[in-house]
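Asker: Residue numbers (my numbering), protein chains in the order written: chain X, 168 to 470; chain G, 31 to 564; chain Y, 40 to 366; chain D, 4 to 333.
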Amino acid sequence: TGARAGDLTIGFSQIGSESGWRAAETTVSKAEAKKRDITFKIADAQQKQENQIKAIRSFIAQGVDAIFLAPVVSTGWDTVLKEAQEAKIPVVLLDRDIDPAGKSLYLTAVTSDSVHEGKVAGEWLVKTVGGKPCSVVELQGTVGASVAANRKKGFEDGIAGASNVKIVRSQTGDFTRAKGKEVMESFIKAEGGGKNICAVYAHNDDMMVGAIQAMKEAGLKPGTQVLTVSIDAVPDIFKAMAAGEANATVELTPNMAGPAFDAIVAFKDKGTMPPKWIQTESKLYTQADNPKAIYDQKKDLGY
Amino acid sequence: MVPISSPHDDAPAAPPSGAPLLELTGFSKSFAGFKALDQVELTLRAGEAHALLGENGAGKSTLIKCMTGVVHRDAGRLSLDGVEIAPRSAEEAVKAGIATVYQEVNLAPNLSVAQNLFLGRQPTRFGLVREGEMRRRATAVLAEFDLDLDVAAPLERYSVAVQHIVAIARAVDQSARVLILDEPTASLDAHEVEILFAVLRKLKARGIGIVFVTHFLDQVYAICERITVLRNGRLAGSATTAELPRLDLVRMMLGRELAQATAPAERAPLAAREVAGAREAAFATFENYGKAGYVAPFDLALRPGHVVGLAGLLGSGRTETTRLIFGAAHADSGTATVDGARVALASPAEALHLGFGYCPEERKTEGIVAELTVRENIVLALQARRGVTRPLSRREQDEIAAKFIRLLDIRPPDPERPIGLLSGGNQQKALLARWLATQPRLLILDEPTRGIDVGAHAEIIALIRRLCAQGMALLVVSSELEEIVTYADEVIVLRDRAHVARLTGDDITVPGILAAIAEADPAQPPPAAAGRAA
Amino acid sequence: MSLRLPRIGTSQVVALLAILAINWVVSPQFFDIRLQDGRLFGSLIDVLNRGAPVAILSLGMVLVIAMRGIDLSVGAVMAICGAIAASLADSHSLPVVLAAALGAGLLCGLWNGFLVAVLGIQPIVATLILMVAGRGIAQLITEGRIVTFTSPELAFLGGGSVLGLPTPIVITLALLALTVLIVRGTALGLLIEATGGNARAAALAGVGTRLITLAVYAWCGLCAAIAGVVAAADILGADANNAGLWLELDAILAVVIGGTSLFGGRFSLVLAVVGALIIQAMNTGILLSGFPPETNLVVKAVVVLAVLLAQSPRLKGLGSSLFGRRA
Amino acid sequence: MNAASRLMPVAATTAVFLLGFLVCSLTFPNFASLRVVMNLFTDNAFLGIVAVGMTFVIISGGIDLSVGSVIGFTTVFLAIAIERWGVPPLVAFALVLVICALFGAAMGAAIEYFELPPFIVTLAGMFLARGASFLMSTESIPITADLYSHLADHALRLPGGARLTVPAMIMILVVLGGMVLLHLTRFGANVYALGGSRVSTALMGVNVTRTTIRIYMLSAGLAGLSGIVFSLYTSSGYSLSGVGVELDAIAAVVIGGTLLSGGYGFVFGTFVGVLIQGLIQTYISFDGSLSSWWAKIATGLLLFAFIGFQQATLRLARRSRRHATGGAHA
Ligand SMILES: Nc1ncnc2c1ncn2[C@@H]1O[C@H](COP(=O)(O)OP(=O)(O)OP(=O)(O)O)[C@@H](O)[C@H]1O
Ligand SMILES: Nc1ncnc2c1ncn2[C@@H]1O[C@H](COP(=O)(O)OP(=O)(O)OP(=O)(O)O)[C@@H](O)[C@H]1O
Ligand SMILES: [Mg+2]
Ligand SMILES: [Mg+2]
């Protein structure tokens, strides 16, 4: 009983719209759904797990053909995913995985490895500074967010080998520009006007954009005097790189839905079982990669 | 109606002698340096009613609050049945057997009448309140006060008067050894007062001691065996009622002579004397003015220099009438005119701009803004009329405040004190000042002399007359018929929310009014002829 | 009854100084100030500069609270107005941009005022509506992205400086002066305090409480708009999702620390601003301290409690009786 | 009739809810199903439970902003206690309830003894509880105890694939219990009295301090229970769970016809208020077409629609209600 994409209805429980990247992911998912003319319902959970669970329940009640879930947190999905299973509705995880216990409860997970992202950033920094001693300040994501924890861990792994690179200050910038800027300002004050800061690592580009402003206002030269590396690869960071004010960013692709749709369609059509984990690439971009051009192609993706 | 007997019928009984029931000595209390109480003492015997008297601000309420531990005294010992006690809160006082009605109604307006009567001691079974039982008891308790209400209705539905009766009933029902009443009769009319006294006599017979604060000397002589007088926070003297005739008592309270206070002023309506503008056309007229379920349509004309009194029992609709006229309630029938022009009277603000002034009955909830200073409270209405953009300069404010504090003898004479900290009577004076400051053309007063001491009472009435003489129209609600009679040119009698009679000229007598209220024939005045007045 | 006599606000000022002193202990260079390309630069300046948005919010919030109301929507209104300003900045002249943004804020305020004063909806729910919908509107304007702009005029409002003082600080001071002028220079202050203290009494005294309510909420909206513009100008972009997030709580906290009761009545504009500075001084201190971020909230809780206890009438009485004076 | 007029707000709210549900059922084909109703219960169970506690606080004239964080704290504490320390779940439940109650008592005491505004004390409590859960663990911890999976699966299976889950049952019990406690006990009467007039209540000889402390204990305790339910619901502990729940709870209470200024309100009204919010959520997610911002705007508009309609109903009711004329003298 082959079902064509055309008559599929898919519900997507999206975390929220807390960042430019998230907005882009939503936009891209819609676009991808349109391509395959799939009826696509998005529920915005405003960062609350309970809302996501509600959304999934209502998707089940509506009898959709499949459910996409971008889990706000890795735990606590068993019950509701079991309900989905009982209702024979396949679930695909987007952009974040859930804890191992739930492996059997979803069809596949299209995610990037956020620990790996941090590692890439860390390794780039180690490579770039060479043997020189380098004290790094870190702008963390929201306290308690798994991504923040992972990117922190990954980065620490990345610089573990190099005793010359060490993190001197680490505060949360809540993934936002404003906080990124405020925190960076205080870092600069605390580190003797920024003279002692050799590099900044931010868990996302938005915070880095804020930090760059703070550095400029403090008379520092981000990109040359102070190295910067952050994660997500949103257009604005490429703008900064083009201006020579930022050094590197690790891409987290907003197109998680595309592969997911393909997997679901294949599954519904011919019952092909997709692999348990479809990992998206965590590509490193530096000033060498013609940031201007990338900015131009990315700027209309809805970031 | 139970037969009302005149206070003078029963001469004060001989004071019961014997061991003191409640004895307090060396009570002192000062607020931020201001000595409200200074070495006060009082001895209450079982079965006696003990009057606690004094001018506004003398310290009566403070003394009571110190007794029950609501206010923490600086010094003083308190003993009940010879055993020293030191209640630290109303709760402990009640436990010790001392029930109190404080000066302002202190109940939970949002709770039902029944809940208010039994709060904290509701009848329960398995920890659950027995509503039915509680209502039954509540109805019984109120029946003793000849009040028959829907005890399930929230208290706030009822007037101050009724609320006050409920508060008293609660205290009476609680009082094991001592009952303290701070101006319980202020908002009651002759009828309620008599009912209250009947109850109090029963309590006395049961050997309960009663402390009774009032500004009505008649009531003192009617019910009390002993009198203690405070002046400026000090003990001015204590004696049995028999030993202390009116004149001496007044002298003891004021520390000076006072003529009007004792002799009931002879009737001298203003219009009778030729007053500027007394014969003028009406300033404001109301035709067939009314609101369904509130006050039946009525006609009324208010002239400059002309005093109209509203008389009636509680709930007869006097307050409602005044609210309607001031635009605080909206008429659904009839027309109102000011200076011959029709007006809408949609809001108090509008009435204010037409030159009306309104001194409401419920001082605490509708009168004062407790945390604002006396000065700010006094200038409030005037400022409201001038509008936001024309503020009174601080100097003007100070002058106005100073003027009225002097004129009305508000104590303490400190314009920068939050009005909530003033004594009840002084708050009332400040409210009067608020409206006098606007120099209204029509002043509406609902129970203006409530809680005002004998001295101030006379002064205020004199003041009212002066204002009228200058051509201000007056509409006065007062439960003190004697007072109305002394200055009213016209008395409207209300019953069951309708204006039922209109007395003018020589018909304005206490018996006449009482008759009209009781719809009896004025020829043979009903027993309560004496009404109630100083 | 416990009636607060008009206060002078010593405890707030003391609290502020104490926190600044602590900051100085945790980071010795706290009071260092230098000139960085014509702009004062130092942690102390950061406190003032970062405190500006909340201070501006509190100038509106304090009046609303004095009227026994509350406005939960200010954060969302910030986001809306920031979004409008940012999206117009590069295509229109500054006056147009400001007119649009502030106009929007005023409108939001009027809406709240209408719900409260005319429809008689309880302030907290009335403003909750805009708190929820407002952020949506802001995101609608930016379509969820972070709208950036380059207009130097607008940027000046966030990053510029007047006589070395960062513009946000100047704006805050100016607004404070203006508010004081409007509120205390006219009878508004008295009428607000009367209405907040006892609405029924005020109405019966002829005070036009409705109109005042409307005006006060409108003013609150306007302040939120200004704060929103400043915040957007600061990061050269409008982040509809996060601008002003949870700032309503900070603003309310500032007002209460400033000694204004949530039950209305007496209020103090200056102390509300001091309250805002206390909060920011605390936040900056936390950032400078280098503690791990997990501890931020605990520290915050402790400081807030300490500041409040310092104001507690009980403790005052206790303290002063210790010094032998009558409470 | 006064009893009726006092129930008016609740009646209005209920009417509004039913109307709303009707509209939804007409808009979406498979909406009017028992399953949707049961989901409404299950998904809002934890909110319902805190909202009951919040009702007591608000009626007494206070407010409790700490509940959301207390939920977060509870889930993390349970996860750590059960998973790391190996405490048996039931013991952990008892433990956490005690801790929360004490926490509430402390806030109540601070409010009473230091005469501090509840808003700020509980705001500090909010920071404290959230901060504490961060200190315990920033990442989310799955709870694997059998009891959890057992309770999770355990549910009354109703026709149409609907399930009356344990959380839902607990909520219903709490609501009933709350109604009894508030409307039928002395404590309840005192709560109302406090909201009516704090000073008067004290003068009437009620121990205001004790009552206040108990009220905040109750609120925090129920927040703890709600946290337990939440951890059942997600079978995990997470420091960020329950963010913003305090606002939802307050909104539910007020939508339910309780006056924020205190003195008036009903537990049942709160319950309906919770359902209304759940209904709005469900409506939004059924109509998946809304972008996240339109979803927010719609939520606001629906909230306005509900409240506006409620106000209108009340106005009409008041107009028809006569000024009370308690019987005159016998
Ligand atoms: N809490 C307070 N703080 C400061 N002063 C107070 C306070 N309470 C009362 N006072 C002052 O103490 C004095 C006595 O007040 P009190 O209420 O006892 O007078 P009173 O005899 O009851 O007068 P009245 O007959 O008008 O009720 C007044 O001058 C009043 O201003
Ligand atoms: N004795 C009573 N029994 C029942 N209800 C009453 C009684 N007295 C007043 N009320 C209620 O209180 C409300 C206010 O009436 P109020 O007593 O103020 O009228 P009033 O004639 O001004 O009496 P007063 O001004 O002497 O209190 C009315 O709605 C009435 O229903
Ligand atoms: Mg008194
Ligand atoms: Mg009256």
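By construction, the Cβ of each residue, glycine as well, lies at the ideal position given by its N, Cα and C atoms. The model shown is predicted, which means the values in this text are computed figures rather than measured ones.
Taking the continuous beta strand (DSSP E) assigned at P2 of chain G, which residues delimit it?
Answerer: The displayed coordinates of chain G run from 31 to 564. Any statement about residue 2 of chain G would go beyond what the structure contains.
Asker: Please check if any C-beta of chain X sits within less than 8 Å of the C-beta of V336 of chain D.
Answerer: Lying before the first or after the last residue shown, residue 336 of chain D is absent from chain D, which here runs from 4 to 333.
Asker: Write down every uninterrupted run of the alpha helix (DSSP H) in the stretch 295 to 338 of chain Y whose length is 4 residues or greater and which is fully enclosed by it, in chain order.
Answerer: Listed in chain order, the complete alpha helix (DSSP H) runs (minimum 4 residues) inside the stretch 295 to 338 of chain Y are 308 to 328.
Asker: To the nearest angstrom, how far is it from the Cα of G364 of chain G to the Cα of P390 of chain G?
Answerer: G364 of chain G and P390 of chain G: Cα-Cα distance of roughly 23 Å.
Asker: Does S203 of chain D come within less than 8 Å of chain G when only Cβ atoms are used?
Answerer: Taking Cβ atoms only, chain G reaches closer than 8 Å to S203 of chain D, which makes this a yes.
Asker: Compute the minimum distance between the beta carbon of N136 of chain G and the heavy atoms of ligand 1, and state whether it is under 7 Å.
Answerer: Checking every heavy atom of ligand 1 against the Cβ of N136 of chain G, none is found closer than 7 Å.
Asker: Distance, Cα to Cα, L419 of chain X vs G425 of chain X?
Answerer: Looking at the two C-alpha atoms, the distance is approximately 14 Å.
Asker: Mind checking if R107 of chain Y is an interface residue toward chain G, Cβ cutoff 8 Å exclusive?
Answerer: Not closer than 8 Å to any Cβ of chain G, the Cβ of R107 of chain Y fails to qualify, so no.
Asker: For a test of the three-state rule: what should DSSP assign to G267 of chain G, helix, strand or coil?
Answerer: Here G267 of chain G sits in strand by DSSP.
Asker: Is there a Cβ from chain X that is less than 8 Å from the Cβ of A315 of chain Y?
Answerer: For A315 of chain Y, the answer is no, since every Cβ of chain X falls outside 8 Å of its Cβ.
Asker: Sort Y:V312, Y:S328, Y:A156 by Cα distance to L87 of chain Y and report the nearest one.
Answerer: Ranking Y:V312, Y:S328, Y:A156 by Cα distance to L87 of chain Y puts Y:V312 first.
Asker: Given a limit of 8 Å on CB to CB distance, which residues of the stretch 242 to 272 of chain D reach chain C?
Answerer: No chain C appears in the structure shown, which is made up of the protein chains X, G, Y and D.
Asker: CB G267 of chain Y to CB I119 of chain Y, shorter than 8 Å?
Answerer: It is a contact, given that the beta carbons lie within the stated cut-off.
Asker: For the stretch 290 to 310 of chain X, list every residue whose C-beta sits within 9 Å of some C-beta in chain D, in sequence order.
Answerer: Residues passing the 9 Å Cβ filter: T309, V310.
Asker: Rounded to the nearest angstrom, how far is the Cβ of N570 of chain G from that of G198 of chain D, given a contact under 8 Å?
Answerer: With chain G covering 31 to 564 only, the question about residue 570 of chain G has no answer from this structure.
Asker: Inspect the CB distances between the stretch 149 to 161 of chain G and the stretch 211 to 224 of chain D and report whether three or more fall short of 8 Å.
Answerer: In short, these stretches do not touch, since the Cβ pair count stays below three.
Asker: Could you list which residues in chain G have their beta carbon closer than 7 Å to that of Y195 of chain D, in chain order?
Answerer: The contacting residues are A138, N140, L141.
Asker: What in chain D is Cβ-close to S97 of chain Y, meaning under 9 Å?
Answerer: In chain order: nothing, as chain D lies at least about 14 Å away.
Asker: Taking Cβ-Cβ distances shorter than 9 Å, what residues in chain D pair up with S369 of chain Y?
Answerer: Summary: the structure shown does not reach residue 369 of chain Y, with chain Y confined to residues 40 through 366, and so no result is reported for it.
Asker: Measure the alpha-carbon distance for I396 of chain Y versus F289 of chain D and round it to whole angstroms.
Answerer: Residue 396 of chain Y lies beyond the residue range present for chain Y, which begins at 40 and ends at 366; the question has no answer from this structure.
Asker: Am I right that V232 of chain D and T58 of chain D are in contact with their C-beta atoms under 8 Å? What's the rounded C-beta distance?
Answerer: 17 Å between Cβ atoms; not a contact.
Asker: Quick one: Cα of A238 of chain Y to Cα of H221 of chain G, how far?
Answerer: Rounded to the nearest angstrom, the two C-alpha atoms are 34 Å apart.
Asker: Within 8 Å, do at least three Cβ pairs link the stretch 221 to 239 of chain G to the stretch 77 to 84 of chain G?
Answerer: In short, these stretches touch, since the Cβ pair count reaches three.
Asker: Mind listing, in chain order, the continuous alpha helix (DSSP H) runs of no fewer than 4 residues lying wholly within the stretch 283 to 334 of chain X?
Answerer: Those alpha helix (DSSP H) runs which fall completely within the stretch 283 to 334 of chain X and span 4+ residues are 313 to 327.
Asker: With H, G and I counted as helix, E and B as strand and the rest as coil, what does DSSP make of V523 of chain G?
Answerer: Looking at V523 of chain G - three-state DSSP - the assignment turns out to be strand.
Asker: With a cut-off of 8 Å, does the C-beta of Q178 of chain Y fall near any C-beta of chain D?
Answerer: Answer yes: the Cβ-Cβ gap between Q178 of chain Y and chain D drops below 8 Å somewhere.
Asker: Which residue comes first and which comes last in the beta strand (DSSP E) that contains E217 of chain X?
Answerer: No beta strand (DSSP E) contains E217 of chain X, which is instead part of the alpha helix (DSSP H) from 216 to 229.
Asker: Rounded to the nearest angstrom, what separates M283 of chain G and E255 of chain G at their Cα positions?
Answerer: So the alpha carbons of these two residues sit roughly 17 Å apart.
Asker: Measuring CB to CB, does I355 of chain G end up less than 8 Å from A400 of chain G?
Answerer: Contact flag unset, no.
Asker: Y241 of chain D: buried (16+ other C-beta within 10 angstroms of its C-beta) or exposed?
Answerer: Flag for Y241 of chain D reads buried.
Asker: Give, in chain order, every residue of the stretch 280 to 311 of chain D whose Cβ lies closer than 9 Å to some Cβ of chain Y.
Answerer: Residues S294, S295, W296, W297, A298, K299, I300, A301, T302, G303, L304, L306, F307, I310, G311.
Asker: Answer with buried or exposed for M174 of chain D, where buried requires no fewer than 16 other C-beta atoms within 10 angstroms of its C-beta.
Answerer: That one is buried.
Asker: Is N407 of chain G close to ligand 1? I mean its beta-carbon at under 7 Å from any heavy atom of the ligand.
Answerer: No - ligand 1 has no heavy atom lying nearer than 7 Å to the Cβ of N407 of chain G.
Asker: Given A35 of chain D, which residues of its chain have a CB within under 6 Å of its CB, disregarding the five upstream and five downstream residues?
Answerer: S28.
Asker: Would you identify the three-state DSSP class for M40 of chain Y, choosing helix, strand or coil?
Answerer: In this prediction, M40 of chain Y has a pLDDT of 38, which is less than 50 and means its spatial position is unreliable; what the coordinates show is noted afterwards. Coil, per DSSP.
Asker: Please list the terminal residues of the continuous alpha helix (DSSP H) segment that includes T169 of chain G.
Answerer: Looking at the DSSP string, the run of the alpha helix (DSSP H) that includes T169 of chain G is 161 to 174.
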